[in-house]
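Engineer: Protein sequences, first through last, are from chains V and Y. According to UniProt numbering, the first sequence is numbered sequentially starting from 1. According to UniProt numbering, the second sequence is numbered sequentially starting from 1. C-beta atoms are modelled at their ideal positions from N, C-alpha and C, and glycine is treated no differently.
2 protein chains.
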Amino acid sequence: MFFYSFETKKLNFLTKHKDLILYGFSLAILLFLLKWIELHFVIINHSFEIYVGLIALFFTALGIWLALKLNKPTIIEKEIFTNKKGFKLNEIEVQKLGLSKRELEVLHLMSTGLSNQEIAEKLFVSLNTIKTHASNLFEKLDVKRRTQAIEKAKRLSLIE
Amino acid sequence: MFFYSFETKKLNFLTKHKDLILYGFSLAILLFLLKWIELHFVIINHSFEIYVGLIALFFTALGIWLALKLNKPTIIEKEIFTNKKGFKLNEIEVQKLGLSKRELEVLHLMSTGLSNQEIAEKLFVSLNTIKTHASNLFEKLDVKRRTQAIEKAKRLSLIE
DNA sequence: TTTTAACTCATACTTTTGAGTGATTTTATC
DNA sequence: GATAAAATCACTCAAAAGTATGAGTTAAAA
Chain V
1 MFFYSFETKK LNFLTKHKDL ILYGFSLAIL LFLLKWIELH FVIINHSFEI
51 YVGLIALFFT ALGIWLALKL NKPTIIEKEI FTNKKGFKLN EIEVQKLGLS
101 KRELEVLHLM STGLSNQEIA EKLFVSLNTI KTHASNLFEK LDVKRRTQAI
151 EKAKRLSLIE
Chain Y
1 MFFYSFETKK LNFLTKHKDL ILYGFSLAIL LFLLKWIELH FVIINHSFEI
51 YVGLIALFFT ALGIWLALKL NKPTIIEKEI FTNKKGFKLN EIEVQKLGLS
101 KRELEVLHLM STGLSNQEIA EKLFVSLNTI KTHASNLFEK LDVKRRTQAI
151 EKAKRLSLIE
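Following this line, the structure appears as structure tokens:
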């Protein structure tokens, strides 16, 4: 019980140094225990096998505990392919293309599947305004359709 | 050496069952060893402490080995952000939505920014056919526009 | 202060897209 | 060979998208 809570709660604080101290401490206890068990061995004679068995059991446990403590966890890196997180906007490309803040905004809303009308409502401007932005956008991106714009924008990390 | 190669190469094949068998096997060997060491103990008398020490050492080693064997490696998930590589088509979702091969094809071409007319030319069918496919596609995906379809399809790993 | 770029909006027009309906052919399955 | 699903195509109508042009407003920069 002592070892268990110690392991789980303070696992990260254990350094090689502390482990060594702990090991020495354990050995001291063990020597004492051995002598104690030996005494019983003298009293209860002919129970040699039991004595050996106890020692074997105890040291097996010690070995297990030691190994679990000293063994650094094997780290298996598992790759997770993610699209959404870790996005870094390509500001260089944005500047190179001369995209304005509003245009980038419209572009992003486009990519979410909104219609021009919906974008207009979301940004509190008229449909014509959005159309103008869209047209300028397509010209700057050198595309003909919004689907192309979205594709290119994602490819250039302008959005998403 | 034997154990090492066994660990690394067959790590995934080791089940609880096999571990138990291995443990039993080890115990059998140990009993034999104990008897052997005991024999030496009888011959070389008064070396009781050495005998105990050997057993202790051996079982500590056994414990360590056991722990290393039984201890499952800690799996640390590391996210790697990749856009293009490692794409796995979500066939389960495709089936769930009931998308046909042709519909999926049209969907993919849509996502590349092609117009219906261009898709029709690419697939050597009429514009009307593509429109029909698109309509069915939108119904199945429960969307209203192609941009929404593309967005949803990418989200569900139906394309790209 | 003038200039410039960004943002706004309108009108007119064209093209593309999408909805709805119906029908024929192909292909695979029972 | 019947059946069902998939693919094909047409026609109409409506909605959305896109083009072109012109113009007013605002805010920042020269």
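I want to verify the contact list: residues of chain Y whose CB lies under 8 Å from the CB of Val143/V, in sequence order.
Structural biologist: If you number the first sequence from 1, residue 143/V lands on position 143. Within 8 Å Cβ-Cβ: Gly113.
Engineer: Considering only C-alpha positions, which residue in the set Glu103/V, Gly113/V and Ala61/V is nearest to Asp142/Y?
Structural biologist: Locating residue 142/Y in the second sequence gives position 142, where the first residue counts as 1. If we check each option's Cα against that of Asp142/Y, Gly113/V comes out closest.
Engineer: Check distances from the C-beta atoms of the region 146-157 of chain Y to those of chain V and list, in chain order, the residues that come in under 7 Å.
Structural biologist: Flagged, chain order: Arg146, Thr147, Gln148, Ile150 and Glu151.
Engineer: Note down, in chain order, each residue of its chain lying with its Cβ closer than 6 Å to the Cβ of Ser111/V, except the 5 sequence neighbours on either side.
Structural biologist: As a position in the first sequence, residue 111/V is number 111, starting the count at 1. Around Ser111/V: Ile150 and Ile159.
Engineer: Between which two residues does the alpha helix (DSSP H) harbouring Ser111/V extend?
Structural biologist: Here residue 111/V is taken as the residue at index 111 of the first sequence, counted from 1. Segment Lys101 to Ser111, the alpha helix (DSSP H) holding Ser111/V.
Engineer: Can you give me the Cβ contacts of Phe138/Y inside the same chain, cut-off strictly under 7 Å, excluding the 5 residues immediately before and after it?
Structural biologist: Reading the second sequence from its first residue, position 138 is the one you call residue 138/Y. Cβ within range, chain order: Lys144 and Ala149.
Engineer: By how many angstroms is the C-alpha of Leu57/Y removed from the C-alpha of Glu91/Y?
Structural biologist: Mapped onto the second sequence, residue 91/Y falls at position 91. Mapped onto the second sequence, residue 57/Y falls at position 57. Distance between the alpha carbons of Glu91/Y and Leu57/Y is about 56 Å.
Engineer: So, for Phe109/Y: in the same chain, excluding its five sequence neighbours on each side, which residues have a beta-carbon less than 7 Å away from its beta-carbon?
Structural biologist: For the purposes of this step, residue 109/Y is taken as the residue at position 109 of the second sequence. Rather than Phe, the amino acid found at residue 109/Y in this sequence is Leu. Closer than 7 Å at the Cβ level, and outside the excluded window around Leu109/Y, lie Ile119 and Lys122.
Engineer: Are Glu93/V and Leu156/V closer than 7 Å when you measure CB to CB?
Structural biologist: Numbered from its first residue, the first sequence carries residue 93/V at position 93. Numbered from its first residue, the first sequence carries residue 156/V at position 156. Contact: yes.
Engineer: Where Asn136/Y and Leu107/V are concerned, what is the direct C-alpha to C-alpha distance, given to the nearest angstrom?
Structural biologist: For this step, residue 136/Y is matched to residue 136 along the second sequence. For this step, residue 107/V is matched to residue 107 along the first sequence. For Asn136/Y and Leu107/V, the distance between alpha carbons rounds to 27 Å.
Engineer: Identify the continuous alpha helix (DSSP H) that holds Val125/V and give its terminal residues.
Structural biologist: Working through the first sequence from its first residue, we reach residue 125/V at position 125. That residue, Val125/V, is in no alpha helix (DSSP H); it is neither H nor E in DSSP.
Engineer: Taking all protein chains shown into account, decide if Phe87/Y is buried (16 or more other Cβ within 10 angstroms of its Cβ) or exposed.
Structural biologist: In the second sequence, the residue the question calls residue 87/Y occupies position 87. Exposed is the call here.
Engineer: When we look at the beta-carbon of Leu62/V and count the other beta-carbons within 10 Å, is it buried (16 or more) or exposed?
Structural biologist: Mapped onto the first sequence, residue 62/V falls at position 62. Buried.
Engineer: Run through DSSP, which three-state label would Glu160/V get?
Structural biologist: Along the first sequence, read from residue 1 onward, the residue named residue 160/V stands at position 160. If DSSP states are grouped into helix, strand and coil, Glu160/V belongs with coil.
Engineer: Excluding the 5 residues preceding and the 5 following Gln117/V in the sequence, name in chain order all residues of the same chain whose CB lies nearer than 7 Å to its CB.
Structural biologist: Numbered from 1 along the first sequence, position 117 holds the residue referred to as residue 117/V. Same-chain partners within the cutoff: Leu127.
Engineer: Suppose contacts are defined by Cβ-Cβ distances below 7 Å. Is Gly98/Y in contact with Lys140/Y by that definition?
Structural biologist: Stepping through the second sequence from its first residue, residue 98/Y is reached at position 98. Stepping through the second sequence from its first residue, residue 140/Y is reached at position 140. Yes, the Cβ-Cβ distance between Gly98/Y and Lys140/Y is below 7 Å.
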